[in-house]
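5 is the number of the first residue of the sequence shown in our numbering; add one for each residue after it.
A quick write-up on the structure given underneath.
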Amino acid sequence: MPSVLSIQETNAMTHFLDIHTTAPTDLRTIIDDAQSMKKARAGRPKGQLDDDQPLAGHMVALIFEKPSTRTRVSFDVGVRQMGGQTMVLSGSDMQLGHGETIADTARVLSRYVDLIMIRTFEEATLLEMAEHATVPVINGLTNRTHPCQIMADVMTFEEHRGPIKGKKVVWSGDGNNVFASFAHAAKQFEFDLVFTGPEPLDPERSLDGLYTTVRNPDEAVANADLVVTDTWVSMHDPQSARERRHNQLRGYQVNADLMAKSKPDSLFMHCLPAHRDDEATSEVMDGPHSVIFDEAENRLHAQKAIMRWCLGV
Ligand code: CP
């Protein structure tokens, strides 16, 4: 199986597969474009078309092999605002779920649609789709990464606090796929990333060197500009691990006491969905540091910019 980088280097398509394999200049273009597009349609009804309709005449396939609220709705609405059309496909309803290869599915879909977004389990599925598609492919989350989410997170931070370069971002909890994309972003956008969590839930080794670990959460958040957490049990984790993970992670809950140890004007983010009063208290989620609903909204604007970048429109 080829790597993300080798596919992006050898395949003529402009895929959006990961943050660390997308050039920092392109990432910056996407964020700037997202901010401009958001400003341009401020106050409009959600279903009103953008003035320029850059996706007019384009058909986009949105494939989901896992549940989704934000990714599904924001991509669908985003395509429509840009004048394009969507079809939302469930993996289990397609021949993909009944033995047709990913490669054949990619070749066939490329004859019908102009862009494919896929949320799947194994990264290998995303890569096989990208290798064989003759249209751009976007990573809508795998067990390893969630790059669209982190583009929205960077956009949200900068919207509230200016450039993220040189800032201190602290992740408290499980070293999961969302953390992995934060780690990739730390290098590309040049911010400092600290992981605080229990050793058994450390991030995967491929991320070594992209962040530092501070086991004590109180020490970790000192001087933090942004504190982030995520659900303690991800979609791909076995539910049998739930109780053990709760015991391991209880000390890493983001609550008012922890936020008080960060900078007074620090932000709090969570990609959602959240289990309120597990990984973060409602007091923090609904409190003055929290930008979680701006973060959710910015999925829409960031992904519109990603789609434009992929299609060159
Ligand atoms: N944050 C996120 O990806 O949300 P959904 O799982 O609802 O798409």
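Glycine included, C-beta positions come from ideal geometry on N, C-alpha and C.
Is any heavy atom in ligand 1 found nearer than 8 Å to the beta carbon of SER94? no
Any heavy atom of ligand 1 closer than 8 Å to the beta-carbon of THR18? no
Please confirm whether any heavy atom of ligand 1 lies closer than 8 Å to the CB of PRO242. no
Here's a check: name, in chain order, each residue in its chain whose Cβ is nearer than 8 Å to the Cβ of LEU214, leaving out the five neighbours to either side. ALA187, HIS188, ALA190, LYS191, LEU197
Any heavy atom of ligand 1 closer than 8 Å to the Cβ of ARG76? yes
In the DSSP assignment, what are the bridge partners of ALA110? None, per the DSSP bridge assignment.
Look up ASP196 in the DSSP assignment and say whether it is helix, strand or coil. strand
State yes or no: is the C-beta of ARG148 nearer than 8 Å to some heavy atom of ligand 1? no
With a threshold of 6 Å on Cβ separation, who are the neighbours of VAL237 within its own chain once the five nearest residues in sequence on each side are excluded? ARG246, ARG249
LEU315 to GLN85 span [Cα, whole Å]: 16 Å
Leaving aside the five residues before and after ASP118 along the sequence, list all residues of the same chain whose C-beta is less than 6 Å from its C-beta, in chain order. HIS62, MET63, VAL139
Using a 10 Å radius around the Cβ and a threshold of 16 neighbouring Cβ atoms, would you call PRO219 buried or exposed? In the sequence as presented, Pro is not what sits at residue 219; that position holds Arg. Classification for ARG219: exposed.
Which two residues bound the contiguous alpha helix (DSSP H) that contains VAL83? 74-85
Determine the extent of the alpha helix (DSSP H) in which LEU131 is found, giving its start and end residues. 127-136
Cα-Cα, which of ARG254, LEU230, ASN227, ASP229 is closest to LEU205? ARG254
Which residues share a DSSP beta bridge with GLN89? MET63
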